[in-house]
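Working notes, structure below.
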Amino acid sequence: MQQELVGSVVLPGDVVGVVRGDVELKLGPGVRREQDKIVATKCGVFRLRKPNMYWIDINQKRYVPVAKEHVIGIVTGKPGENFRVDIGSSQQALLPFLAFEGATKRNRPNVQIGDLLYCEISVANKDMEPELVCVDGSGKSHGMGVLSIDGFMFRCSLGLARKLLADDCPILKTLSARFSFEIAVGMNGCVWVKSKSVTNTILISNCIENSEYLGIDEIEKMVDQLVQSAHSY
Amino acid sequence: MSLRSLSCEQSLLARCDGSARFKHGETSVVAAVYGPGDVKPNKEIINKATIEVTFKPKTGLPGCAETALEKILQDTCEAVILTSLHPRSSISIILQVEHDDGSLLPCCINACCVALMDTGVPMRGFVCAVACAVQQSGEEIIDPTLEQEQSMSSFEGLLCITYGSCLAV
Chain L
100 MQQELVGSVV
110 LPGDVVGVVR
120 GDVELKLGPG
130 VRREQDKIVA
140 TKCGVFRLRK
150 PNMYWIDINQ
160 KRYVPVAKEH
170 VIGIVTGKPG
180 ENFRVDIGSS
190 QQALLPFLAF
200 EGATKRNRPN
210 VQIGDLLYCE
220 ISVANKDMEP
230 ELVCVDGSGK
240 SHGMGVLSID
250 GFMFRCSLGL
260 ARKLLADDCP
270 ILKTLSARFS
280 FEIAVGMNGC
290 VWVKSKSVTN
300 TILISNCIEN
310 SEYLGIDEIE
320 KMVDQLVQSA
330 HSY
Chain D
365 MSLRSLSCEQ
375 SLLARCDGSA
385 RFKHGETSVV
395 AAVYGPGDVK
405 PNKEIINKAT
415 IEVTFKPKTG
425 LPGCAETALE
435 KILQDTCEAV
445 ILTSLHPRSS
455 ISIILQVEHD
465 DGSLLPCCIN
475 ACCVALMDTG
485 VPMRGFVCAV
495 ACAVQQSGEE
505 IIDPTLEQEQ
515 SMSSFEGLLC
525 ITYGSCLAV
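So the sequence lines, in the order shown, correspond to chains L and D. Going by the numbering used here, the first sequence opens with residue 100, and the numbers climb by one from there. Going by the numbering used here, the second sequence opens with residue 365, and the numbers climb by one from there.
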């Protein structure tokens, strides 16, 4: 692999490496193998996680489902024994009635059309509709399920959603020092926020949306400015 | 023989998944891309993405000439986008001409390509295009302005170059 390209911007069609028989490579999003070459298919920063995982950091708005990711979806229908859920992908996803904690054929989950669900993608391949579940393998929900109607959901880009899910996200640290709130972030760019008052919820969602391209100091300033202007009303 | 000054801007439109404005001198085209998204059942292809191009001229309603341009753009984009990664989806590209001062088709192709890269659609490479013309005197011009195009009575050729290989149209 071209080590000098790691950390720099690549364009679609750039050859980022060659396939050698002796080395095992793990290729993530944005790179693919064409015969004996590894080629970038999207624009972004070429990354490496040692020893052998390569991918491209892309920022896009449209979500493509990947299995095992957590997403927030909106229930749009109840065909048959399933819920139809809009997760922002090209096809709407299916979520079986029974994939909720404690759900049985007699005890159906209390989910209406228009509800927000935090769920995990169980099946995602390019030829089929994605399938979701709200339980893990052992039947526990781990916070998945219906999100309260008191919260507010907004959409952001996929790159910002991934930043929010990182361990040391600066915007969430700054906000949690000033407000108490509940947040759920879906890998499909949907963020759900719930806090004590409507003003706070709107402030928090505006701060998160503004923070996408700001550095840590700028984030602090921006949050302070927005908090001040909200309290001056 | 030289190109006019080129300029390009990405992510200028908020609602679509990707957008770009490309300028060749005064000629300016804005491209917006939505996708990979929903596709109508009568247009879906089971093993590939459906690429739909809509070309909007600056004034007037789209007609046959616009449809011909749309076909050229659709074929160019299909050659470059990895459509097999998104079967039964659609990638819609909408182009709006802001100003036409010659070399409109190459400007559209370039705007399409940059907008597709902004969207994050998987691509085999990228496309860039430039218009070339040979006058009756034998003089070669690249990237002609509208005045030069209209004053020419000779055959005008368009060369499309893709990354790594060359296709002549």
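For each residue, glycine too, the CB sits at the ideal point set by N, CA and C. Computed from a predicted model, the values in this text were never measured in an experiment.
Check                                                                                                                         : Outcome
Extent of the continuous alpha helix (DSSP H) to which L:His330 belongs                                                       : Ile315 to His330
Chain-ordered chain L contacts of D:Thr483 [CB-CB under 8 Å]                                                                  : Gln159, Lys160 and Arg161
Secondary structure, beta strand (DSSP E): runs of 3+ residues fully inside the segment 203-282 of chain L                    : 215-222, 230-232, 244-246 and 251-254
Exposure label - L:Ser188; buried when at least 16 CB within 10 Å                                                             : buried
Contacting positions in the segment 390-406 of chain D - beta carbon closer than 7 Å to chain L                               : Gly399, Pro400, Gly401 and Asp402
C-alpha distance - D:Glu430 paired with L:Asn158, whole-angstrom precision                                                    : 32 Å
Proximity winner among L:Leu194, L:Asn206, L:Thr203 and L:His169, relative to L:Ile212 (alpha-carbon distances)               : L:Leu194
Where D:Ser453 meets chain L, residues with beta-carbon distance less than 8 Å                                                : Ser189 and Gln190
Beta-carbon proximity of L:Val222 to L:Ala265, cut-off 8 Å                                                                    : no
Alpha-carbon spacing of L:Leu259 relative to L:Ser310, whole angstroms                                                        : 9 Å
D:Asp381: first and last residue of the uninterrupted beta strand (DSSP E) it sits in                                         : No beta strand (DSSP E) holds D:Asp381; DSSP gives it neither H nor E.
Within 8 Å, strictly: CB atoms of L:Gln101 and L:Val115                                                                       : yes
Interface residues of chain L facing D:Phe386 [CB-CB closer than 9 Å]                                                         : Residues of chain L passing the Cβ test: none, with the nearest at roughly 15 Å.
Neighbour flag for D:Leu446 against chain L, beta carbons, 8 Å                                                                : yes
Within-8 Å CB hit, L:Gly112 to chain D                                                                                        : yes
CB contact below 8 Å: D:Leu376 versus chain L                                                                                 : no
Cβ neighbours of L:Val326 in the same chain (closer than 7 Å, five flanking residues each side left out)                      : Arg277 and Leu302
C-alpha distance - D:Pro451 paired with L:Gln134, whole-angstrom precision                                                    : 22 Å
Coil, strand or helix - L:Tyr153 by DSSP                                                                                      : strand
Neighbourhood of L:Glu123 by C-beta, 7 Å cutoff - its chain only, sequence neighbours within 5 removed                        : Asn151
Reference D:Gly502; option with closest CA among D:Pro486, D:Glu408 and D:Met516                                              : D:Met516
Per-residue contacts from D:Leu437 into chain L (C-beta, under 8 Å)                                                           : Within 8 Å Cβ-Cβ: nothing; D:Leu437 doesn't reach chain L, min ~18 Å.
Distance between L:Gly127 and D:Leu531 (C-alpha atoms, nearest Å)                                                             : With a pLDDT of only 42 at D:Leu531, under 50, the local geometry of the prediction cannot be trusted, and no value is derived from it.
Cβ distance (whole Å) where L:Val109 is taken to contact L:Ala139 below 8 Å                                                   : 4 Å
Sheet register partners of L:Pro84 (DSSP bridge)                                                                              : Nothing can be reported for residue 84 of chain L: it is not among the residues displayed for chain L, which extend from 100 to 332.
Exposure of D:Gly382, with buried meaning 16 or more beta-carbon neighbours within 10 Å                                       : buried
D:Ser454 (DSSP reduced to helix, strand or coil)                                                                              : strand
Residue interval of the alpha helix (DSSP H) (run including L:Ser304)                                                         : Val297 to Asn309
Option nearest D:Ile455 by Cα separation, candidates D:Glu504, D:Ser375, D:Leu376 and D:Lys404                                : D:Lys404
Closer than 7 Å at the beta carbon, the chain L residues around D:Leu449                                                      : Lys225
contact_flag[the segment 422-429 of chain D, the segment 378-395 of chain D] where n(CB pairs < 8 Å) is 3 or more             : no
Under 8 Å between C-beta atoms of D:Ala432 and D:Ser467                                                                       : no
According to DSSP, residues forming a beta bridge with L:Lys136                                                               : L:Val117 and L:Glu133
Inter-stretch contact (C-beta, 8 Å, three-pair minimum) for the segment 396-403 of chain D and the segment 502-511 of chain D : no
Between the CA atoms of D:Cys471 and D:Val498 - distance to the nearest angstrom                                              : 19 Å
Under the three-state DSSP convention, the category L:Ser107 falls into                                                       : coil
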